[in-house]
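Visitor: Structure in structure tokens, see below.
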């Protein structure tokens, strides 16, 4: 049996959801999330500062906030209709649970036979006055949770009000009762049905809720306060227009202002293919059709509210447009669209009275100081001065390119050409997003290292990013011995004493035997032999403090809350395992850090080094390292002398032969810390929060900082002088470089330090051949559908142009119009006695809807320039995957696997095929030897990932050109990728499906005439969208690396059964502990997901490395509680160090 462990080594970087609110302190907080990653920032005048980071055991799908009894609450919604209400606890400096609510379980959904419709995830609706929280789940039920009242929650069946197939829903402001507006479909629509584009198949319903309802009055829980049944079929989103009584409806080709009173409503078209709704002469007689002012060529995506009368629209390609509602006495008299200079593709848009945040998974996210700027005047006013006030209309008249004096504005007047109030976004800070990943590859570099190269984003925000898995030195030079203990600027400390501007200001006779030196401001802290320390004042040129019997001495940064007068109070001392400030023991840090285990195992666990630093103004950080390499990072709290431990993970090796030390290095005037020992790494700062990045030089015995960029290192490879890179790592937790590229990158191939990328360019025509939306259904089958000049459903396919680009030489090959690349891979084929590299590309083409996709395989020589040498295939079937198997070219063509033999560069002959599949995503193989008629012959196991039939196992015999089906997975699931899990005794199959499940499949042999069915041995829900597996060798065994669409990097490894059995029991205990953030269920999160797939019934034998590595961050009491009866804490640390591949994965070329 195979025992597997999963761990995430790089968390996803992007923003899916966000809010801005003030939960604590003097600054507003920005809350962001992506999948299960939760981050809270303080929005300071200097930029963003991370207040806390948490990992939830469920994916967050919505964030909200509500004020209850003058306390700001944070509301998190998870996929299974679970709501966690949190409040900020200033005593513990973190969010704690206020209440938990659960309304939907996957098993309940399956029992009721609910199927996915337009919207399947639950939705959270929070009343803006804090009266109640509403939750839509089961696709038809709305639960209402009263706030601040001694009432129970109750449910509303939306189907009784005619509400189903919800497109969008929002909470309205300005109503006496909590009110929710629903945009929903009256008639179901989908891609294959044809309608007239003027049909109105959607509806608006405003539902008023009663938060004070009791059980005996369930019949009056809600009433319909407004209903409008003639909304165009292509409506996308609705927005509240408070304080005006109305709604803005965004459709694909128009903006509609719908008044909920008797005032006039407006339809403003902005698309070429706008068609007046067919009911315009009936119920819509009050609507005024405005003249098109701005033509938007691309499909619109979303609309957001900036002020009471100013809105912003974003299109699919990132362009933005202002929408102005001109009003008199809260009555809208005109709607105007103008161009906006900003280009974004937001996934979340959050605004407060002072700040605006645009979050995205496609490009970087930005936080702005939000201000209104009057056009032509340049005067800035805070938006709070404009909320709940009329935006004044102005005349915009130009004469000789100069604007005339504005008209008086004592009374607002309607105008024909308004001068809009534009919005200026002074950028405060940004969050790097490496997300929306299309493809990745590994790039070999110097020093036997590998970088991960990712294709990210979509047009026009496409980029290629290279992630370095560790910090690498810029230059390395071998030396004999360092003559200095410290050398920087005009100060040098060597064996002869201390020198200032080459003048000896203190001799070694006074100093004594020197071991280490570090500089803090105008002081030199000198460690001498026999646990003696002294502090030398450079200005006074004398020793001011001498200490004996202490293990470590660190300078306390100035200008902080803990600074006190008195000699010795400005230093932190480590003595007898306790941390002192002067004579005061710092609470929460003393003995618990050194005494990690019981008395009998305490030996060797003492703290060996401590460093004090001020990263955030008014805060003190303590970096503590133990003899076993355990890193403890503490940050001061509001109470003096009290600290909290931050969740900082670091590599760890037991049985350390080298005493670790903390060495401070300043790069670009920012503090960095190099921890030397058996596992060397850097401590960097990401938004003022500490992160750990491994160093490419693993084992370092001694470090001497010579200047800001140069260090002397005593390593296993000898004594070195190392110059470090000057790279800035404050916006992303790993060293990275990015290249913005025109077009959308899709496939990456690395070859001899070269990168080849396939890029698509979308051409936008001035007059498109077809509307920018899909056809829909019609009730009247006698009406003729609109004539489409272009036949395919997706007209963008016709507009794609693909190139293969060599990023090193900028050489490229461009395919013809309409062709698109499905797969690209670098393969080796034997030419004579040598192996030659070819770039093999599967290229498809679709011209009409009735004509299926067809394609060929292109083969390129890339030794010097990109040169096309051959095309393979008859062009009758599409090509989805390619690989090289035993000298044969394997091509997934349509539903067939073709095996093609190379004769020469111009002749490639198809030898055999298998048609057992439907749509092949990937091709993997495993060589093996078989005995046939007493002779040992080489064969290949072929593993096909099928998008409709899970996985298929084949046996390929190259000597007689036969392919034999051996087995398959009985589940007809959508397989994204699969790979062989190889152990000493047997092999298994690791599969990833569209429901984000990892499955371990065991194969039992059967007769060749009969297909064997894979046995599902284990499942594990990843919670993210995996792209593909990459099998790596780490010197001991294989690990299976992956990158997800969300930008996370992780691996799956095989562990020994003895290690597994212990860690599995600890994993179970940690899953059931009550300290999980927001009350989420870790065990349920990793269960297999999907309808009819045996939810929670499979064997769960994947070890959750993300959970296990939190063991190091638990306090001693929690560690004892989760340990087994016969297992000590020290034993668990050793097992984790052996089982988790974090160090190996990040350090070595596998």
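Numbering (the working numbering), first residue to last: 90 to 1239.
Glycine included, every Cβ here is placed at the ideal spot set by N, Cα and C.
With contact counted as at least three CB pairs below 8 angstroms, one residue from each stretch, are the segment 793 to 812 and the segment 527 to 545 in contact?
Guide: With the cut-off at 8 angstroms, the segment 793 to 812 and the segment 527 to 545 do not touch.
Visitor: Can you give the beta carbon distance from residue 794 to residue 750, rounded, assuming they're within the 8 angstroms contact cut?
Guide: Between residue 750 and residue 794 the Cβ distance is about 11 angstroms, and since that is not below 8 angstroms, they are no contact.
Visitor: Start and end of the alpha helix (DSSP H) containing residue 1210?
Guide: Start and end: 1205 to 1211.
Visitor: Please state the DSSP three-state secondary structure of residue 1174.
Guide: Three-state DSSP puts residue 1174 in a helix.
Visitor: Return the first residue and the last residue of the alpha helix (DSSP H) that residue 1221 is part of.
Guide: Segment 1218 to 1228, the alpha helix (DSSP H) holding residue 1221.
Visitor: Tell me where the alpha helix (DSSP H) around residue 1197 begins and ends.
Guide: Per DSSP, residue 1197 belongs to the alpha helix (DSSP H) from 1194 to 1197.
Visitor: Are the CB atoms of residue 263 and residue 517 nearer to each other than 8 angstroms?
Guide: No, they are not a contact pair.
Visitor: Tell me the rounded alpha-carbon separation between residue 728 and residue 181.
Guide: Looking at the two C-alpha atoms, the distance is approximately 11 angstroms.
Visitor: Residues in the same chain with beta-carbon distance under 7 angstroms from residue 1160, minus the five sequence neighbours each way, listed in chain order, please.
Guide: The answer, listed in chain order, is 1171, 1172 and 1196.
Visitor: At what residues does the beta strand (DSSP E) containing residue 752 begin and finish?
Guide: Per DSSP, residue 752 belongs to the beta strand (DSSP E) from 750 to 756.
Visitor: Which same chain residues end up closer than 8 angstroms to residue 432 when comparing Cβ atoms and leaving out the 5 residues on each side of it in sequence?
Guide: Only 407, 408, 409 and 549 meet the Cβ criterion.
Visitor: Within 10 angstroms of the Cβ of residue 673, are there 16 or more other Cβ atoms? Answer buried if so, exposed if not.
Guide: When all chains shown are included, residue 673 counts as exposed.
Visitor: Output the distance between the C-alpha atoms of residue 185 and residue 910, rounded to the nearest integer angstrom.
Guide: Each residue's Cα considered, the two are about 49 angstroms apart.
Visitor: Would you kindly work out how many angstroms separate the C-alpha atoms of residue 1035 and residue 443, rounded to a whole number?
Guide: Each residue's Cα considered, the two are about 51 angstroms apart.
Visitor: Are the segment 831 to 839 and the segment 559 to 568 touching by the rule of at least three beta carbon pairs closer than 8 angstroms?
Guide: Too few Cβ pairs lie closer than 8 angstroms, so no.
Visitor: Please specify which runs of the beta strand (DSSP E), each continuous and at least 3 residues long, are wholly inside the segment 411 to 454, giving them in chain order.
Guide: Counting whole runs of 3 or more residues, the segment 411 to 454 contains the beta strand (DSSP E) stretches 420 to 432, 437 to 440 and 444 to 448.
Visitor: Run the CB neighbour count on residue 633, radius 10 Å, all protein chains shown included, and call it buried at 16 or more, exposed below.
Guide: With fewer than 16 other Cβ atoms within 10 Å, it is exposed.
Visitor: Within 10 angstroms of the Cβ of residue 424, are there 16 or more other Cβ atoms? Answer buried if so, exposed if not.
Guide: By the 10 Å Cβ count, residue 424 comes out buried.
Visitor: If we count Cβ pairs, one from each stretch, closer than 8 angstroms, do we get three or more for the segment 544 to 559 versus the segment 760 to 767?
Guide: The segment 544 to 559, when compared against the segment 760 to 767, does not touch it at the 8 angstroms Cβ threshold.
Visitor: Once you ignore the five residues that flank residue 441 on each side, which residues in its own chain have a CB closer than 7 angstroms to its CB?
Guide: Excluding positions up to five away in sequence, the list reads 109 and 117.
Visitor: Please state whether DSSP places residue 600 in a helix, a strand or coil.
Guide: The answer is helix: DSSP assigns residue 600 an H, G or I state.
Visitor: Tell me, to the nearest whole angstrom, how far the beta carbon of residue 1115 is from that of residue 1131; I am working on the premise that it is less than 8 angstroms.
Guide: Yes, they are in contact, since the Cβ atoms of residue 1115 and residue 1131 sit about 5 angstroms apart, within 8 angstroms.
Visitor: Does DSSP put residue 648 in a helix, in a strand, or in coil?
Guide: At residue 648 the pLDDT is 43, less than 50, meaning the model places this residue with poor confidence; the figure from the coordinates comes in the next sentence. It is coil, neither helix nor strand.
Visitor: Which residue marks the beginning of the alpha helix (DSSP H) containing residue 1160, and which one marks its end?
Guide: Looking at the DSSP string, the run of the alpha helix (DSSP H) that includes residue 1160 is 1146 to 1160.
Visitor: Do residue 92 and residue 1149 have their beta-carbon atoms positioned less than 8 angstroms apart in this structure?
Guide: Result yes, Cβ atoms of residue 1149 and residue 92 sit closer than 8 angstroms.
Visitor: Let me check understanding here. Comparing Cα to Cα, which of 255, 1212, 899 and 1088 lies closest to residue 1300?
Guide: The first residue shown for the chain is 90 and the last is 1239, placing residue 1300 beyond what the model contains.
Visitor: Helix, strand or coil: how does DSSP classify residue 248 here?
Guide: The answer is helix: DSSP assigns residue 248 an H, G or I state.
Visitor: Which residue's Cα is closest to the Cα of residue 570: 245, 801 and 967?
Guide: Checking every option, the nearest Cα to that of residue 570 belongs to 801.
Visitor: Please list, in chain order, all residues of the same chain as residue 958 whose beta carbon is under 6 angstroms from its beta carbon, the five residues on each side excluded.
Guide: Only 948, 950 and 994 meet the Cβ criterion.
Visitor: Alpha carbons only, please: which of 1076, 622, 293 and 978 is nearest the one belonging to residue 275?
Guide: The option with the nearest alpha carbon to residue 275 is 293.
Visitor: Ignoring anything shorter than 3 residues, give me the beta strand (DSSP E) runs that lie fully in the segment 557 to 595, in order along the chain.
Guide: Fully enclosed beta strand (DSSP E) runs of 3 or longer: 564 to 567, 573 to 577, 580 to 583 and 586 to 589.
Visitor: Is the segment 1150 to 1157 touching the segment 570 to 588, taking contact as three or more C-beta pairs under 8 angstroms?
Guide: At 8 angstroms Cβ cutoff, the stretches do not touch.
Visitor: Per DSSP, what kind of secondary structure is residue 1038 in: helix, strand or coil?
Guide: Coil.
Visitor: Does residue 257 pass the burial test, meaning 16 or more other C-beta atoms within 10 Å, or should it be called exposed?
Guide: Counting Cβ neighbours within 10 Å, residue 257 comes out buried, since at least 16 surround it.
Visitor: Buried or exposed, going by whether 16 or more other CB atoms sit within 10 Å of the CB of residue 493?
Guide: The predicted model places residue 493 with a pLDDT of 31, which falls under 50 and marks its position as unreliable, so this point remains unresolved.
Visitor: Mind reading off the beta-carbon distance from residue 974 to residue 1014? Whole number of angstroms is fine, and I expect it under 8 angstroms.
Guide: Rounded, the Cβ-Cβ distance is 5 angstroms, consistent with contact.
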